[in-house]
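Numbering (the numbering used here), first residue to last: -17 to 213. Positions of the beta carbon are idealized from the N, C-alpha and C atoms, including for glycine. Working notes, beginning with the structure itself.
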């Protein structure tokens, strides 16, 4: 995904294409995808909510007509996530539906869009409150985020998401241990034509990697930590 102008252009083109044939599943899925991408650049909840609702409507229709459509399930869950960002008191009510559709996408094609279903499900488990409030789970988050890395090791977003989850869990040593792997992943990605051209994403990836390196640099020596904790 590029910047705002590209996201806006893709959304408008997808909407025009969809309006010419609203029964085409691929066009509906593309509209749902571009609704999500465009909503990423919204600063106002009203605009984000409207785009999310449009994406939800399009992807629900895909799933209704084709229950085995991975794109339908995936982008339905993603747009539900956008809608949740605008709901202060009812966001948790959307989480279980997001989980259900991410799980469906994982079952259908876990490698879809650079392991997007596995990565997104892992992020959901990492960010949601834990039991009994919601579905949050460190072990499930690690399982699915690592699976995303295994399925698409060259895509920087996967390892970045895993290490950011570890940072959120406060596990500095796990982050520090895998920084060399992150550096290799970024270098490898830079050499791949399909990734090298994604200028806006690289800016974000490098910024996030720098934050992870800074976090990891303050990790205590492993031996010192064992002694202090009595392990």
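Exposed or buried, residue i, counting other C-beta atoms within 10 Å across all chains shown (16 or more means buried)?
| i | result |
| --- | --- |
| residue 75 | exposed |
| residue 142 | buried |
| residue 5 | exposed |
| residue 43 | buried |
| residue 2 | exposed |
CB residue i to CB residue j, shorter than 7 Å?
| i | j | result |
| --- | --- | --- |
| residue 58 | residue 78 | no |
| residue 107 | residue 157 | no |
| residue 46 | residue 33 | no |
| residue 133 | residue 97 | yes |
| residue 151 | residue 120 | yes |
| residue 144 | residue 194 | no |
| residue 87 | residue 55 | yes |
| residue 85 | residue 48 | no |
Give the range of the alpha helix (DSSP H) segment to which residue i is assigned.
| i | result |
| --- | --- |
| residue 142 | 138 to 151 |
| residue -2 | -14 to 2 |
| residue 12 | 7 to 21 |
| residue 214 | The structure shown does not extend to residue 214, since the chain is modelled only from -17 through 213, so no value can be given for it. |
| residue 187 | 181 to 199 |
| residue 135 | Here residue 135 belongs to no alpha helix (DSSP H), and DSSP marks it neither H nor E. |
My output table needs one value for residue i: the three-state DSSP class, helix, strand or coil.
| i | result |
| --- | --- |
| residue 93 | coil |
| residue 207 | Bear in mind that the predicted position of residue 207 carries a pLDDT of just 46, short of 50, making it unreliable; the figure below should be weighed with that in mind. Helix. |
| residue 213 | For residue 213, the predicted model reports a pLDDT of 30, less than 50, meaning its position is unreliable and no value from the coordinates is stated. |
7 Å is my cut-off, CB to CB: does residue i come that close to chain C?
| i | result |
| --- | --- |
| residue 168 | Note that chain C does not occur in the displayed structure, where there is just one protein chain. |
Quiz item: Okay, do the region 56 to 70 and the region 94 to 104 touch, 3+ Cβ pairs below 8 Å being the bar?
Solution: yes
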